[in-house]
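Residue numbers (this note's numbering), protein chains in the order written: chain F, 239 to 550; chain D, 8 to 279; chain C, 8 to 279; chain A, 774 to 1036; chain H, 774 to 1036. C-beta: ideal position from N, C-alpha, C; glycine also. Quick caveat: nothing in here was measured; it's all calculated off a predicted structure. Notes to accompany the following structure.
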Amino acid sequence: YVPKEETKYSVKIGNVPAITYAPTYVAIALFMDDVGINATYMAFPSGTKAREALITGEIDFASLSTVHVPIARLKDRPLKIIMSLHSREIFSLMVRSELRDVVKEVKDLKGLRLGFSAPGAGSWAFAVYFLKKAGLEPGKDVEMVAVGELSTMYTALKTGKVDAVIAWDPLTTQLMESGEAYALIDLYDPKQHVELLGEEAMSQVLVTREDFISNNPDIVERVVKAHRMALEFIKKEDARKVAEVLQPYFKGMEIALLEKVVNRIKEAIPEDGSLSESAYYADLVPLIEVGALEKSVSFEEAVDWRFVGRRP
Amino acid sequence: MEIRRQEAVVMNTECVSVEGLSVSYLSPTGRVDALRNVSFKLYDGELVTIVGPSGCGKTTLLNAIAGLLNFRKDVLMSGKIFVKNPKSIGYVFQRDALLPWRTVIENVTLGLEVRKFPEEKRKKVALDLLKMVGLEGYENKYPHELSAGMRQRVALARAIAYDPEFILMDEPLGLLDAQTRMALQDEILRIHMKTRKTILMVTHDIAEAIILGSRVLVMNSRPGSVKSEYVVKLPKPRSALGSRLDPEFNRLYRLILDDLKEDMRMGQLDLL
Amino acid sequence: MEIRRQEAVVMNTECVSVEGLSVSYLSPTGRVDALRNVSFKLYDGELVTIVGPSGCGKTTLLNAIAGLLNFRKDVLMSGKIFVKNPKSIGYVFQRDALLPWRTVIENVTLGLEVRKFPEEKRKKVALDLLKMVGLEGYENKYPHELSAGMRQRVALARAIAYDPEFILMDEPLGLLDAQTRMALQDEILRIHMKTRKTILMVTHDIAEAIILGSRVLVMNSRPGSVKSEYVVKLPKPRSALGSRLDPEFNRLYRLILDDLKEDMRMGQLDLL
Amino acid sequence: MKPSTSNWKLHVRRLALLMMFLLLWEALAGGIYPLFSLLDPFYSSSPSRIGRELYILFFQENVLKDIFVTLGEAFAGLILGIVSGVALGLLFAYSELVSSTLEPFMSALNSIPRPALAPLVIFWFGIGIFSKIFLAWSLAFFVIFYNTYLGIKSIDPDILNIMRVMNASRLQIMRIVILPSVVSWIFAGLRLSVSYSLIGAIIGEFVGATVGIGYQLIYAEGLLMSDRLYALVLVVAIMGATLVELVKRIESRFLRWRPEIIL
Amino acid sequence: MKPSTSNWKLHVRRLALLMMFLLLWEALAGGIYPLFSLLDPFYSSSPSRIGRELYILFFQENVLKDIFVTLGEAFAGLILGIVSGVALGLLFAYSELVSSTLEPFMSALNSIPRPALAPLVIFWFGIGIFSKIFLAWSLAFFVIFYNTYLGIKSIDPDILNIMRVMNASRLQIMRIVILPSVVSWIFAGLRLSVSYSLIGAIIGEFVGATVGIGYQLIYAEGLLMSDRLYALVLVVAIMGATLVELVKRIESRFLRWRPEIIL
Ligand SMILES: Nc1ncnc2c1ncn2[C@@H]1O[C@H](COP(=O)(O)OP(=O)(O)OP(=O)(O)O)[C@@H](O)[C@H]1O
Ligand SMILES: Nc1ncnc2c1ncn2[C@@H]1O[C@H](COP(=O)(O)OP(=O)(O)OP(=O)(O)O)[C@@H](O)[C@H]1O
Ligand SMILES: [Mg+2]
Ligand SMILES: [Mg+2]
């Protein structure tokens, strides 16, 4: 353990409640104090709102999907990725169990309805990407429905209002556990990940503003440190223990389910949060390909690797 | 009470009978006994008038007979009220109660509309009546464009229009000038002669009460009750101007005025 | 016109003067000429009464003098109106216009409140006036709990309460029974004698007009104008009952009634 | 009632005001003299940027389709809201038993934040047009309901009495007295309901939509297109204002009998 | 005004209705006889599940703090809404020039879907308490504004006239006549505004929050906890109903002078 820091700083960290942000939760729960940070946590109903709050300076850090940073940079909002929190893309293409015999691969979705959260969000970009890869024209061959966040997504799938969804955890795990849906694409499966995106992705990242970095490099340093300790903790400890740490943030969720999800994502927790150029572009390509981004934003521009180091 | 119901015997059926009627208003500001133990009868075809001091319960009595007090929660009522044909009542309210969003003619035809008369029939009746009350040419005005007296005349026309068997009138001519008033008194007499409707009319004008009524009921106040009854034996046909010259008119006028004055002396207004 | 302004010469200052006043209402349903070329004067301390057929423009005239027509967009006015002290006017409206959410006493004290009198003073004045109009004990009732005549008396008390120099009255006693009415006529006479206020009063009761007024203005209708003026030479102090016995009263009564009747014959109501 | 010149003046006044506002905005955003710019045009946009976006929306992307879809949903919700609001308002006014018992439940229902209802709405109504109509209705209904109900309580009792004396049936009383009396209250409610039904439809489009202004709005928000966001908000605002003006036209027909008040 | 027995009966009636509804719900969700279950408890939840969740919320998680925070925001927005709504309503009623010119702009503003404003609200007000108060205000304001404005138009002109004759100042006319006359309209508006200010505060919390019912809702939704979602919605509904009942208590004091109408 690192000795407790003398001076304390107060920062605000926000995200959309999701287990893929486990490193942030663990960092807040266990390590922020040690590095001398007084962290206030803020919840947002969608990544776009968290991103807006970060841009306007209402919060100092956000754990976000990578997609938000290049989108913001193209609009001259200088956000910077300072650390990777997840080395797999989180999305899965889940199909209703009733269609198990009909839909065996992505191109069988032709004529059906696919739900995603909202246009402009990561799930939308990947929905389009998956379809295009399979030679389908989104909107034409497959009806694209914006169904909002997880609970509406779940309802829409279960009631048959959509036939498939681009889901993320805990929905993915829950659907698989209950057998209500099966995964047509599951990026937690290393094989599929390699096939679609390559070895590694950089799907969830810790983000702050450029001006915040230049004004408070010390604070950024400390927050990153706490996150790295959290990564280590999650990697090292068993899922049960991690789940127990997370539980206060996921009140009302069964510890067993939490444990399962932790187990599932553990694989994707990066060693040290270092920033890989190839992983970054792996995530960017689909976004550009589907037109969510007008043009590419270079690794150098989107990322500040001074705190965790860079890899090719 | 003076000579009682002499003409009454020649008439046959009771049209209205009120027996031991008491009415109290309950309100957050206290209870008010408006009527106590009021009893009287009206026979078919009679025109009876009521006079009494302000606030003695005349309007309350008319409302009770019209059945309107049943729609209130804050009223205590006891006693019996019989009305021969409660579905065929006309009522000229003291405050005109015209429907402000309806034109004059639409107000007058209200009762006919309720009784589902055809459009042209309604219009014809209404125009005749508006002419009678001197409001020709005003049929398409809205009530707020009329003077108070004009509104009152519209209300009178409205109550007669659908030809009810029994008409209650609460000071129907109170806001009219002497001249218009006499003209309409004659009109009421004419209608009554012709159709033999039963009419119960409240008025503050003792002369009007005598000229129109076959009987005059005098009420006293706090709580209100019928104090005396005067049978008016003026020759028929009567008229607003002519009947005034009859010595009987003068005799009754004095009697009723004294009767009212007596009440006043014991009552709330002791200024004379 | 009969003998003109004889008493008037002994009075000094003009309190109100109306010259060539014409008023028309413009409404979507058409234009109505309510007054045409009305001229008259009121001198300080006079009590003048107005009679005229229903709808001839009496209320319009009073509203014009009170300055209320200026607040309407649909009125065309021409001519001159002078009021000596327009800030000290009292007005008894024809429809009582009580504030329904205020109790009786709060209604009576309204003018005093506007003039920022202290609370106790207001209360004292109001209670005295309520006693005068026979409504002792009703001070905490709401207007909807009163009979029509009682409301009218509250409105009368309200208009007097703040001691205005000049009082307009639009049939202030129209809804009262003969007895209460006479009592209040005497009361008005008494107040007028004592305070020498200037009063302009509209009434439908010719007797009332004569007994109270030092002059009686008679209006005719369509469009309304002052047709004649009668100076009343009854001895003072007058009283509601006593003055009726004077032969002068009878003479004037006949004259004015005929005057009105004439208008009627040419006017809208041709039933007599 | 008023001559057309005054109407003409009115429009000029409105336009002048709008122009002034737009000019000021443009100036503050640096669109007129770039050095003088107090507002960051990213967040505050500027009339010229919004104008360009509107051009794109209308001439390149056919936003009209979205407008009509949203209008249709809002209109359906509004009509249902009026009908059910008036009906339930009447029921509440007629039956003391119903109203006293159910009143707290009504206010409870109206307090539910509609966006939080989204998962349930999808469950009940799917993601088609019905969920949008439902949300539009759920916002339009309560205003009409309360205004009808409370409007009835302020009817002149004497006018009810005259109908009773004439032996009018309940239905006749309703048609002849109650409905005309509450018309002014209903129209007061409509000014709000019209806007609310639009909002409801758009909130509905935030979940489960493929088309409509709401869909366009989340799209613009997701891709951080603030000019477009402003442009779309403007489109909605103009839609609302236009509809309310329409309602006022209709109202003035109904309330012609009422004397004008000048303060 | 009514004897307490009838009040007692009323509460029994309400409770009985509520119980019946809850029992039916529980039964349909299979909570009473598991084989007879028509509703999937995931999206329809059930009273017993909600009850358990409420227990957790109140006794293990101190949701009271969230309730008070949200209430505080809503209340602040409501008060501001009342004050500004009445003030602007008066201004509109007094000045024909202002009202005729600005009316369409008011309805345009009111038609803006508040949730879509989120990005702009963050920019203008941050995500502290002010953004919540602003949204609560933005919903509460318009109802009060329109009701005040239209209420004034239905004042009895004779009552205004009597004040003028008495030479009352504008301020006195406002205090003595106009405000009391529009009280019934304002209260009609309050029944809606109270609910809307709650909704506004919660939508404000959706913009980003650290505490409050909206914060709890975001969580429940993000983590797919439908029972908790229901429980929270219920909490909001009860808050709304309680506040509206409170408003009605106050209203009955103000409107004591008004005769009751029976249809
Ligand atoms: N709604 C009410 N609530 C309480 N008291 C009432 C109500 N209506 C009338 N009263 C009281 O009942 C009594 C009789 O009133 P009513 O209106 O019947 O008198 P009235 O004889 O018609 O008087 P007027 O000649 O002045 O019209 C009065 O004392 C009045 O105060
Ligand atoms: N607001 C209005 N709009 C249009 N016309 C009106 C309006 N008010 C009054 N009038 C018309 O003006 C004329 C005079 O009305 P006014 O009320 O002055 O009569 P009045 O002499 O007071 O009658 P009454 O004795 O019946 O009270 C009437 O013909 C009436 O129809
Ligand atoms: Mg009466
Ligand atoms: Mg008049």
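>> Does the beta-carbon of C/A104, which I'm using as the reference point, lie nearer than 7 Å to any heavy atom of ligand 6?
In response: Ligand 6 is not part of this structure, which contains only ligand 1, ligand 2, ligand 3 and ligand 4.
>> Taking 7 Å as the limit between beta carbons, can you name the residues of its chain near C/Q13, skipping five residues before and five after?
In response: Legend: pLDDT at C/Q13 = 44, less than 50; position of this residue unreliable, value from coordinates given subsequently. Excluding residues within five positions, the ones whose Cβ falls inside 7 Å are V238.
> Residue range of the beta strand (DSSP E) that C/R43 falls in?
Replying inline: G37 to Y50
>> So with CB distances below 7 Å, who are the chain D contacts of C/S154?
In response: S61, G62 and T66
>> Could you check whether the Cβ of H/I932 sits closer than 8 Å to any Cβ belonging to chain D?
In response: no
> For chain D, is any of its Cβ atoms less than 8 Å away from the one on C/D184?
Replying inline: yes
> Is it the case that the CB of C/A216 approaches a heavy atom of ligand 1 more closely than 7 Å?
Replying inline: no
> By DSSP, does F/R447 sit in helix, in strand, or in coil?
Replying inline: strand
> Using DSSP with H/G/I as helix, E/B as strand and the rest coil, what is F/M491?
Replying inline: coil
> Closest Cβ-Cβ distance between C/R79 and chain A: below 8 Å?
Replying inline: yes
> From A/W1030 to D/Y149, what distance separates their C-alpha atoms?
Replying inline: 6 Å
>> For a test of your reading of the model: does the CB of H/D931 fall under 7 Å from any non-hydrogen atom of ligand 4? Yes or no.
In response: no
>> Let me see if you follow: with CB-CB separation under 8 Å, is H/I935 close to chain D or not?
In response: no
>> What residue range does the beta strand (DSSP E) around D/Y32 cover?
In response: E21 to S34
> Does the distance from the C-beta atom of F/I423 to that of F/Q430 stay below 8 Å?
Replying inline: yes
>> For a contact defined as C-beta to C-beta under 8 Å, what are the partners of C/P254 on chain A?
In response: Here the premise fails: no neighbours, minimum Cβ distance about 45 Å.
>> Is F/M382 close to chain A? Criterion is C-beta to C-beta, closer than 8 Å.
In response: yes
> Can you tell which of F/V264, F/E387, F/P408 and F/F450 has the C-alpha that lies nearest to the C-alpha of A/F979?
Replying inline: F/E387
> In terms of residue numbering, what span does the alpha helix (DSSP H) encompassing A/Y969 cover?
Replying inline: L952 to F979
>> Give me the pocket residues for ligand 3, defined as CB within less than 6 Å of any heavy atom, sorted by chain position.
In response: D/K65, D/T66, D/Q101, D/D177, C/S154 and C/A155
>> So that I know if they touch, is there some Cβ in chain D lying closer than 8 Å to that of H/E869?
In response: no
>> Nearer than 7 Å: is that true of the beta carbon of C/A162 relative to any heavy atom of ligand 2?
In response: no
> So, helix, strand or coil for F/S303, using DSSP?
Replying inline: strand
>> Let's test the definition: count the other Cβ atoms within 10 Å of the Cβ of F/E336 and tell me whether it reaches 16, buried, or not, exposed.
In response: exposed
> For A/S904 versus A/G977, is the C-beta spacing smaller than 8 Å?
Replying inline: yes
> Which residues, in chain order, does the stretch 205 to 216 of chain D contribute to contact with chain C at a C-beta distance below 8 Å?
Replying inline: H211, D212 and I213
> Is H/G850 near H/A909, with beta carbons less than 8 Å apart?
Replying inline: yes
> Out of curiosity, what's the CA-to-CA distance linking H/L783 and H/A1014?
Replying inline: 16 Å
> Which first and last residues belong to the alpha helix (DSSP H) in which A/Y922 is found?
Replying inline: I902 to K926
>> Could you check whether A/I1035 and C/K80 sit closer than 8 Å to each other, using their CB atoms as the reference points?
In response: yes
>> Would H/P892 and A/L1002 qualify as a contact pair, given that the criterion is a beta-carbon distance under 8 Å?
In response: yes
> Which residues in the same chain have their Cβ closer than 6 Å to the Cβ of D/V132, if we skip the five residues on either side of it in sequence?
Replying inline: A168
>> To the nearest angstrom, how far is the alpha carbon of F/E381 from that of H/A789?
In response: 47 Å
> For the candidate residues A/L912, A/I900, A/L863 and A/S873, whose alpha-carbon lies nearest to that of H/N883?
Replying inline: A/L912
> What residues in the stretch 80 to 103 of chain C bring their beta carbon closer than 7 Å to a beta carbon of chain H?
Replying inline: K94, I96, Y98, F100 and R102
>> Against chain H, with Cβ distances strictly below 8 Å, would D/P171 count as a contact?
In response: no
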